[in-house]
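These notes are about the structure you will find just below.
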Amino acid sequence: MAREIGLASAPNHEMWFIIGGNNIHFSYPKYALVTGLKFGSSNFDPNVEYDTSEIGVFTRFCPGNEKPRIMDLLKRFKDGVVDANHDDYLKVANILALYYFALGYDDHRVVESFAWVLVDNLDEWNRFPWGSYTYSELRHYVSLMPSTRSKLKKSYHIYGPVWALQVWAFEAIPDLARNAVVKINPNALPRLARWLMCTPKIDDFHGFLDEE
1 MAREIGLASA
11 PNHEMWFIIG
21 GNNIHFSYPK
31 YALVTGLKFG
41 SSNFDPNVEY
51 DTSEIGVFTR
61 FCPGNEKPRI
71 MDLLKRFKDG
81 VVDANHDDYL
91 KVANILALYY
101 FALGYDDHRV
111 VESFAWVLVD
121 NLDEWNRFPW
131 GSYTYSELRH
141 YVSLMPSTRS
151 KLKKSYHIYG
161 PVWALQVWAF
171 EAIPDLARNA
181 VVKINPNALP
191 RLARWLMCTP
201 KIDDFHGFLD
211 EE
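So in the UniProt record's numbering the end of the sequence shown lands on 212, straight run, no missing numbers.
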């Protein structure tokens with residue numbers, strides 16, 4: 001993120017970086033290619049607090065009308081819930097995939113009410129423009145990162161689908177890909193399916209960020 005630059009002429013959805021003396025950018029079309037998630041508009045507002053007391057899957061998985069963390073929901077999913085049916089488990093699996101994979105949140109994140117309301121209708125859930133929503137989350141969390149090296153710390157916790165930015169970086173920066181991943185299918189779509197992560201040694205990246 002310390003290599004991000006601002007371009008006055010760039011659309012708001014684009015993120016520009018200077019790598020090796022070249023300007024490269026990440027944007028929602030590239031995000032869509034990496035993730036396979038669709039963009040668009042919806043009448044459903046995920047930023048509103050909804051009443052979940054009448055949502056069947058919520059009442060069965062969340063006794064006492066509590067708001068569970070992702071880790072709590074995962075445990076109940078694995079252990080089993082007496083009154084839950086097959087559709088309930090499918091709905092909860094969608095929520096877990098959203099929070100763990102698409103949004104990249106940690107175990108302690110509370111599952112928001114919008115997810116319970118939307119997942120109660122799987123057709124609406126599948127029509128929702130998850131690309132638009134998750135990309136906006138990515139932009140938000142990236143904006144919180146320092147943009148200059150002088151403000152960098154040793155480590156950070158970054159939430160949102162930052163893995164999508166990482167996959168794009170593998171394609172845009174070949175030297176980075178050679179040290180971190182193996183391309184297993186050059187034609188796979190979405191593009192995240194093209195790469196297999198390996199476990200690089202820290203020496204593989206020695207001096208990498210210092211190269212212009």
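Glycine is no exception: its CB is placed at the ideal position from the N, C-alpha and C atoms.
Of the residues D107, K183, E171 and N126, the one whose Cα lies closest to the Cα of I24 is E171.
For R109, the secondary structure class from DSSP, reduced to helix, strand or coil, is coil. By the CB criterion at 8 Å, V117 and I70 fall outside the cutoff. Taking the Cα positions, D51 is about 44 Å away from N185.
In the structure shown, the three-state DSSP call for I158 is coil.
With three or more CB-CB distances shorter than 8 Å, the segment 125-136 counts as touching the segment 35-48.
Contact between V82 and V57 is ruled out by a C-beta separation of about 14 Å, above the 8 Å threshold.
Nearest neighbour of F44 by Cα position, chosen from V142, Y133 and I158, turns out to be Y133. Sixteen is the threshold: when 16 or more other Cβ atoms of the shown chains lie within 10 Å of the Cβ of F26, as they do, the residue is buried. Where I19 is concerned, the enclosing beta strand (DSSP E) starts and stops at M15 to I19.
Taking a C-beta distance under 8 Å as the contact criterion, L138 and A164 qualify as a contact pair.
Taking C-beta atoms under 8 Å as the contact rule, P190 and G36 qualify, at a distance of about 3 Å. Contiguous alpha helix (DSSP H) elements confined to the UniProt domain "DUF1985" (11-138) occur at 28-35, 56-61, 70-79, 86-96, 113-119 and 122-127, taking only those with 4 or more residues. Per DSSP, the unbroken alpha helix (DSSP H) holding L176 starts and ends at P174 to A180.
When the Cα atoms are used, A188 and R194 turn out to be separated by approximately 5 Å.
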